[in-house]
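Here is the structure we will look at.
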Amino acid sequence: MSAPTVPPAVPAAAGTSRTAAALDAARARGGAALVGYLPVGFPDVATSVEAARAMVGEGVDVVELGLPYSDPVMDGPTIQAAAQTALDRGTRPRDVLAAVEQVAATGAAVLVMTYWNPVVRYGVDAWSRDLAAAGGAGLITPDLVPDEGADWLEASAAHDLDRVFLVAPSSSPARLASTAAACRGFVYAASTMGVTGARASVGPAAEQLVADTRGAGAERVCVGLGVSTPAQAAEVGAYADGVIVGSALVRALGDGGVPAVARLAADLVQGVRP
């Protein structure tokens with residue numbers, strides 16, 4: 106593991122997507138971007154922030170911070186257990202905003218992955234205002250489709266935030282087109298039907314889904330669900346703009362702490378960069 110270093114800030118002019126700038130910078134280097142996910146508050150807030158900053162130090166391009174939620178429909182067992190630990194220890198949305206501020210200070214683009222109910226409860230515009238003030242780049246919303254997110258579309262535009270919606274192998278051409286049109290930053294392509302978690306292989310439909318989503322108008326498409334090794338990251342990075350890794354990093358944090366997260370992040374970065 107190399108010593109953590111803080112990379113320069115991602116260049117992005119006002120009114121442009123910081124997430125897109127990070128993906129474009131990775132592509133300009135000749136590879137795909139690595140998007141690393143960790144839930145805030147696991148095993149505690151301070152350690153989750155330290156781990157996220159360590160990922161950036163090892164070259165992760167975009168950080169995805171999870172807002173712990175008690176009814177996660179997309180998360181597999183590893184992330185569910187971590188989120189429950191965070192909730193049991195009192196992690197709340199204000200802790201997520203504080204974590205965003207600390208991780209964004211590294212210069213990385215920081216997205217919050219959240220189910221929609223916590224945002225509604227906080228207040229859509231208030232959440233967007235506070236996320237922007239903390240330096241956040243935007244939201245990934247796995248249980249919200251664009252046609253039911255008018256408030257979020259309006260607030261994200263007002264506060265200059267990225268909107269990342271999901272598509273799946275089951276998405277119709279019309280759904281791909283409407284999602285691509287609504288996203289800013291990238292479109293999240295779920296490699297398979299199901300929940301998050303490390304798998305022996307990435308879903309075989311992922312490459313075609315990326316091609317179809319681009320054909321439907323998306324400028325940038327990142328693939329998540331199932332990626333856990335440098336070889337899988339290299340495979341996905343060959344056809345996607347970014348590779349999203351979650352469960353493997355969460356497991357590393359639980360098993361070996363921040364040093365283990367840093368080691369895995371460094372290995373995965375090598376996978377997406379030639």
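Going letter by letter, the sequence shown gives residues 106 to 379 in our numbering. Idealized CB from N, CA, C, for every residue including glycine. All values reported here derive from a predicted model rather than from experimental measurement.
- Residue range D267 to V269 is occupied by the beta strand (DSSP E) that includes V269.
- Shown here, Y227 sits in a helix according to DSSP, grouped into three states.
- If you look at A138, you'll find it in the beta strand (DSSP E) that goes A138 to P144.
- Contact check for G241 and A209: beta-carbon distance about 6 Å, within the 8 Å limit, so the pair qualifies.
- In the structure shown, M179 adopts coil according to DSSP, grouped into three states.
- For L281, the enclosing alpha helix (DSSP H) has its first and last residue at P278 to A287.
- The three-state reading of DSSP puts G351 in coil, since its state is none of H, G, I, E or B.
- Assigned with DSSP and collapsed to three states, G359 falls in helix.
- F147 and T190 do touch by the CB rule: their CB atoms are close to 5 Å apart, below 8 Å.
- In the three-state scheme derived from DSSP, where H, G and I count as helix and E and B as strand, A371 is classed as helix.
- By the CB criterion at 8 Å, G141 and L358 fall outside the cutoff.
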